[in-house]
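Data block below; observations after.
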Amino acid sequence: MIKPNIIELLNAQITHETYAAQLYLQMAMWCEDRGMHGAATFFRAHVPEEMIHRDKLVDYMIESGAVVRIEAVPAPRAEYDDLVEVLQAAYGHEQKVTAQIHKLAEVALEEKDFSTFNMLQWFISEQREEIVLFRGIVEHIKFTGFTGENGTAMVNMNRYLHRLVLGSAHPELN
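This note's numbering numbers the first residue of the sequence shown as 1 and each following residue consecutively.
This is the structure:
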């Protein structure tokens, strides 16, 4: 049986994962509105991933006999100054989600809820992948000197993000 404080944290994480899907969809729409179709594709590819995260939590709670509570999700930020700001915001968001997952795992361990702790290992691995991906993108921005301005650098960054979705670019090597 999952303890009430862990159920509360799991329900909150369901909300966080739902918010992440909406955030990435909004970021994709921001990119689409500016003709950055590669960047939009990159962000849209993250939407179903976040929904899978949400569904894994929901399924775990149902299987454990816990009550799932679906909460309202605040509207994500819709305006950014440039693509650099969008990408940095996405990286910051992944850092925040990682901290939330780590806190949840910490509480599960403190409460000796080893089943929940074990389930969360998948999320910890997923978040490590996301941090590596977005940190690599931010490092790519620094390495290339991309400032978010239109022109050749914007075209190259747009292509780079699209290649990440296609698997032909690697954020740690570019």
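Where a beta carbon is used, it is the ideal one built from N, C-alpha and C, also for glycine.
Which same chain residues, not among the five before or five after residue i, have their C-beta less than 6 Å away from its C-beta?
i	result
V68	V58, M61
H162	G38, T41
A78	Q26
Quick one, which of the options has its alpha-carbon nearest residue i's?
i	options	result
A72	A12, N158, H162	A12
L120	R135, D33, F134, K103	K103
R135	G92, A75, L25	G92
P76	M154, E17, F143	E17
G35	G167, R159, V165, L166	R159
May I ask you to report which of helix, strand or coil DSSP gives residue i?
i	result
K3	coil
G145	coil
Y24	helix
R159	helix
G151	coil
L9	helix
D33	helix
Y19	helix
R69	coil
R77	coil
Starting from the C-beta of residue i, find all residues in its chain whose C-beta is less than 7 Å away, skip the five residues before and the five after it, and write them out in chain order.
i	result
L87	I137, V138, I141
R98	Rather than Arg, the amino acid found at residue 98 in this sequence is Thr. These residues qualify, in order along the chain: Q127, I131.
Taking residue i and residue j to be in contact with their CB atoms under 8 Å, please state how far apart those CB atoms are, rounded to whole angstroms.
i	j	result
R44	A20	With 8 Å as the limit, R44 and A20 do not qualify as a contact, their Cβ atoms being about 13 Å apart.
I2	T116	6 Å
H46	Y24	4 Å
Whose C-beta lies closer than 8 Å to the C-beta of residue i among residues of the same chain, with five residues either side of it excluded?
i	result
E111	K3, N5, I6
I175	There is no way to answer for residue 175, as the model of the chain reaches only from 1 to 174.
How would you write the range of the alpha helix (DSSP H) that residue i sits in, first residue to last?
i	result
E85	83 to 110
E63	37 to 63
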